[in-house]
Amino acid sequence: MRRMFELLLISIVIVLLSACMARPSAPPVAIPDSPMWLVHDPAGLLRNLPRMVGSQSPLPAPSAHALTVWQIAPTSWISVEMDLVALEYVSPPRAARCYALLAAGINDAVLLAEMARARGLDVSDDAAMAGAAERIMSYSHPLRADLVRQRAADARWVGVWRGQATAAGVAAGQLIGQAVAERVIAWAQRDRAEQFTAFSDPMLAPGVWQRTPPHLWSALEPGWGQVQPIALPSAKQMNAVVPPAWDSPAFVAERAAFLGVQQRLSASDRALALRWAAPVGSVTPAGLWLQIARDAIEQNHIAPRQAAALYATLAVTMHDSFIACWFSKYTYMVARPITWMRASEPAWLSLIDTPPFPSYPSGHATVSGAASTVLAHYFPQDAARLHQLAEDAAYSRVVGGIHWPIDGRNGLAQGRTIGNWILATTATVVAR
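Using the numbering used here, the first residue of the sequence shown is number 13, and each one after it goes up by one.
Pasting the structure below:
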């Protein structure tokens, strides 16, 4: 009896603390619903769920720490994913896929939970998100499954500890999240990301990509342009414009412009290059934009459901942008600046390491053009700043010594086209 009284008292204190920390209920920025990205038959999925009879798990003691950590659950799950991407040295294209699978799964789980509640079922959003996230992240990071399971063990119960959910709702939410995760993983298993692509280094020719010093690494992800996008019908549909011929006056001007930038690098240029570098071993470029989104969500007091919609649209757009960019890179096979520079300066090295794939267009620019377009749509009051950040990201690769100026310009254009296309398509689907 005494133990029950202590637990009750702790629960009351935590609920009061949670209420004190609660964000305003009416956010100043309205985030529209997103579609279900990878669950294409939600009614059928709900129909086939096992019937729940009461709670299947004992109610754990409340945790004030978990209530703080999981205040906005979609943000917290994205943060865990960013940690794993950095910890496991995931490449930028694959990192974007990890983010997209997770964010789409969380979004679809929340929408399915809402659909279930509309049918009279008791369902916890937090448990639905945790059920989806645990299985999806364990698929993406099988060596970290225990860590993910530990995070989910707390995350699924925070709704109960806040007094917003029941133990039965947690059990139902867990089932819904796991069912969504199965759909997401089934998609991932057939999207061709794990398909082997044979690749041979091209014959040496002016302006054609070749392995770059100092590491001379083999080409990274040469088949990524063949991965199935989530929103786009195909990567080819969003191919970057054809670059000018290497020996044309237009590309001669590009080389001259690049050389001019390198000859007058300032301290601020160097800082810009390092700030946006985001190499393997970091959150990668997509992670930088998710951090920008996280800050906007926090500053604008976006509720968890709307945060899930925003993260999903952003992450899916960036994932599809990487696929389209990689399709363009391995279509045009444009040489990196270091190859040209070393013809006249054999010891020349770029400020940041040249990554092992063709130059045109810039991956940073493409994903930044797409991400800034999506975020500016949701936060129009910040549009100028967001578009400037995208310009900075593109230019950082020029001052970093690894891209021609045209890689950034046309990469931004490619990304913006993708972002606008996905936003327009999303709005059409949600309006139906």
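A virtual CB, placed ideally from N, CA and C, is assigned to each residue, including glycine.
If I follow the unbroken alpha helix (DSSP H) through residue i, where does it start and stop?
{"i": "residue 77", "result": "76-81"}
{"i": "residue 266", "result": "261-275"}
{"i": "residue 98", "result": "85-99"}
{"i": "residue 323", "result": "316-344"}
{"i": "residue 378", "result": "375-390"}
{"i": "residue 241", "result": "First-last for residue 241: undefined, no H or E at that position."}
{"i": "residue 127", "result": "104-130"}
{"i": "residue 162", "result": "157-167"}
{"i": "residue 280", "result": "279-287"}
{"i": "residue 171", "result": "170-173"}
Going by CA-CA distance only, name the one from the options that's closest to residue i.
{"i": "residue 426", "options": "378, 383, 305, 433", "result": "378"}
{"i": "residue 192", "options": "119, 260, 420", "result": "119"}
{"i": "residue 219", "options": "129, 264, 248", "result": "264"}
{"i": "residue 285", "options": "244, 414, 325", "result": "414"}
{"i": "residue 7", "options": "63, 434, 358", "result": "Past the boundaries of the shown model lies residue 7; the chain is included only from 13 to 444, so the question cannot be answered."}
{"i": "residue 148", "options": "130, 424, 132, 121", "result": "121"}
{"i": "residue 402", "options": "249, 298, 435, 371", "result": "298"}
{"i": "residue 380", "options": "424, 396, 360", "result": "424"}
{"i": "residue 156", "options": "181, 335, 184, 94", "result": "94"}
{"i": "residue 259", "options": "252, 251, 268", "result": "268"}
{"i": "residue 178", "options": "252, 82, 71", "result": "71"}
{"i": "residue 373", "options": "293, 351, 417", "result": "417"}
{"i": "residue 204", "options": "81, 80, 247", "result": "247"}
{"i": "residue 421", "options": "436, 400, 434, 306", "result": "400"}
{"i": "residue 318", "options": "78, 73, 362, 84", "result": "84"}
{"i": "residue 290", "options": "433, 435, 103", "result": "103"}
{"i": "residue 257", "options": "188, 217, 364, 199", "result": "217"}
{"i": "residue 252", "options": "429, 48, 326", "result": "429"}
{"i": "residue 188", "options": "146, 292, 79, 324", "result": "146"}
{"i": "residue 75", "options": "167, 96, 129, 152", "result": "167"}
{"i": "residue 434", "options": "362, 370, 326, 261", "result": "326"}
{"i": "residue 81", "options": "169, 292, 130", "result": "169"}
Could you check what DSSP says for residue i in three-state terms: helix, strand or coil?
{"i": "residue 294", "result": "strand"}
{"i": "residue 253", "result": "coil"}
{"i": "residue 51", "result": "coil"}
{"i": "residue 182", "result": "helix"}
{"i": "residue 135", "result": "coil"}
{"i": "residue 220", "result": "strand"}
{"i": "residue 431", "result": "helix"}
{"i": "residue 357", "result": "coil"}
{"i": "residue 401", "result": "helix"}
{"i": "residue 424", "result": "helix"}
{"i": "residue 394", "result": "helix"}
{"i": "residue 206", "result": "coil"}
{"i": "residue 364", "result": "coil"}
{"i": "residue 73", "result": "coil"}
{"i": "residue 310", "result": "helix"}
{"i": "residue 187", "result": "helix"}
{"i": "residue 412", "result": "coil"}
{"i": "residue 348", "result": "coil"}
{"i": "residue 177", "result": "coil"}
{"i": "residue 213", "result": "coil"}
Given that a residue counts as buried once 16 or more other Cβ atoms are within 10 Å of its Cβ, and exposed if not, what is residue i?
{"i": "residue 227", "result": "exposed"}
{"i": "residue 208", "result": "exposed"}
{"i": "residue 52", "result": "exposed"}
{"i": "residue 60", "result": "exposed"}
{"i": "residue 331", "result": "buried"}
{"i": "residue 38", "result": "Low per-residue confidence applies at residue 38: pLDDT is 37, beneath 50, and the placement is therefore not dependable, though the value from the model is reported in the following sentence. When all chains shown are included, residue 38 counts as exposed."}
{"i": "residue 206", "result": "exposed"}
{"i": "residue 141", "result": "buried"}
{"i": "residue 63", "result": "exposed"}
{"i": "residue 287", "result": "exposed"}
{"i": "residue 276", "result": "exposed"}
{"i": "residue 101", "result": "exposed"}
{"i": "residue 353", "result": "buried"}
{"i": "residue 229", "result": "exposed"}
{"i": "residue 132", "result": "exposed"}
{"i": "residue 186", "result": "buried"}
{"i": "residue 171", "result": "buried"}
{"i": "residue 328", "result": "buried"}
{"i": "residue 25", "result": "At residue 25, the pLDDT of 40 sits below 50, so the modelled position is not reliable and the matter cannot be decided from this model."}
{"i": "residue 321", "result": "buried"}
{"i": "residue 213", "result": "exposed"}
{"i": "residue 56", "result": "exposed"}
{"i": "residue 272", "result": "exposed"}
Is residue i close to the ligand SAM? I mean its beta-carbon at under 7 Å from any heavy atom of the ligand.
{"i": "residue 426", "result": "With respect to the ligand SAM, the structure shown offers nothing to examine, as it has no ligands at all."}
query = Three or more beta-carbon pairs under 8 Å between the segment 336-355 and the segment 215-235, yes or no?
reply = yes
Three or more C-beta pairs below 8 Å linking the segment 102-113 and the segment 160-168 = no
inquiry  = Can you confirm whether the segment 271-284 touches the segment 86-94 when touching is taken to mean that 3 or more C-beta pairs between the two stretches lie within less than 8 Å?
reply    = no
message = Would you call the segment 386-393 in contact with the segment 403-413, where contact means no fewer than 3 C-beta pairs closer than 8 Å?
response = no
message = Pairs of beta-carbons, one from the segment 318-333 and one from the segment 241-261, closer than 8 Å: are there three or more?
response = yes
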